[in-house]
Structures are given as structure tokens and as C-alpha cells.
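Enquirer: Structure in C-alpha cells, see below.
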Amino acid sequence: MAEALGAWRGDGGAWTALTFLASVGVAGLLERVQYRLRADEGRAWWASNGRDVVNAVALGAVSSGLWIYGFRGPLVVCVAGTLVLLLSIAQMRLESRPNSAWWSVGVALALGLPVLVAPGAVARLFERVVLALAP
């Protein structure tokens, strides 16, 4: 079953790593936009749906970066979803900081570092977690 979840099959090249980092940075900026839309939810009917769309685009950006970097299968969505969720949670702490957009990108890049440093280990960890949760 572990193979059905996907794996990391990349070569760890510099261009694929930079592409992944760029996608994570874009997700950091998108999460900042999503958090700002939260303030408009009471005034504009579309703000809540807009936040959902921004989250979906952030998930797509990180997923595509992971795919280019070498992750395959449903594992891409598991890793990307976890990263976007953690980034979304971090936005609550970044709200009152000056230069919150820069902080958001920095946190996003920091959350993406384990994927760059040890992609095979990240893939195996997610495989074990998914298999433990859904045997």
C-alpha cells in the first residue's frame, strides 16, 4: 500500500529545488492575502469564498512545486496540505508583526526546508503516518 501513496523520485537538482522554494514562497504570500480577506468577511459576501479559493490556489502552488521536485502520487497532496495548513495557522501569530508579508514568506520557506534537506525521509514519514491512520 505504501507504493500506492507515492514516493519521492527526484534527483534533488538545484532548479527543481528553486522551483519548489518559489512555490512555497508564493503560498506564503497567498496565505497573507487569505488572512487579510478574513477582515472583509463581515462586509463582503464574497470574502469567505475568496479565502477558500486563495487556499486552494496555495495548495495547488505547493503541490505543483512538490511534483516538480520529485514527489509523486497522493503523497503530494498530503505533504502540500500539511504545509499549507501549518502556514495558515502561523498567520494568526504573524498578523500583528510589522512586515508580516515578509515574515509569512520566511515561515513558508522554513516549513519547506525539511522537504529540501531530506525529501526521502519526509516521504517515508508521511507514508508511515497515513498507514497508521488508515491501515
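Take 33 as the starting number for the sequence shown in my numbering and just add one per residue. By construction, the Cβ of each residue, glycine as well, lies at the ideal position given by its N, Cα and C atoms. This structure is a prediction, so every number in the text was calculated from the model and none was measured.
(1) Just list the residues that DSSP pairs PHE52 with in beta bridges.
(2) On the premise that GLY82 lies in contact with LEU69, defined as a C-beta separation below 8 Å, what is that separation, rounded to the nearest angstrom?
(3) Could you tell me the distance, in whole angstroms, from the CA atom of LEU145 to the CA atom of PHE52?
(4) If we ignore side chains and look at the alpha-carbon of each, how far apart do ALA112 and ARG75 end up?
(5) Over what stretch of residues does the alpha helix (DSSP H) that includes ARG129 continue unbroken?
(6) Please classify GLY44: is it buried, with 16 or more other beta-carbons within 10 angstroms of its beta-carbon, or exposed?
(7) From GLY140 to PHE158, what does the alpha carbon distance come to, in whole angstroms?
Expert: Reading off the structure:
(1) Assignment of beta-bridge partners to PHE52 by DSSP yields no partner.
(2) The beta-carbon distance between LEU69 and GLY82, rounded to whole angstroms, is 5 Å. This is short enough to meet the 8 Å contact definition.
(3) Cα to Cα, the separation comes out at about 10 Å.
(4) Within the model, the alpha-carbon separation for ALA112 versus ARG75 is close to 31 Å.
(5) Per DSSP, ARG129 belongs to no alpha helix (DSSP H) and is neither H nor E.
(6) GLY44 should be labelled exposed.
(7) Sequence inspection shows Ala at residue 140; the Gly mentioned does not correspond to that position. Rounded to the nearest whole angstrom, the C-alpha separation of ALA140 and PHE158 is 19 Å.
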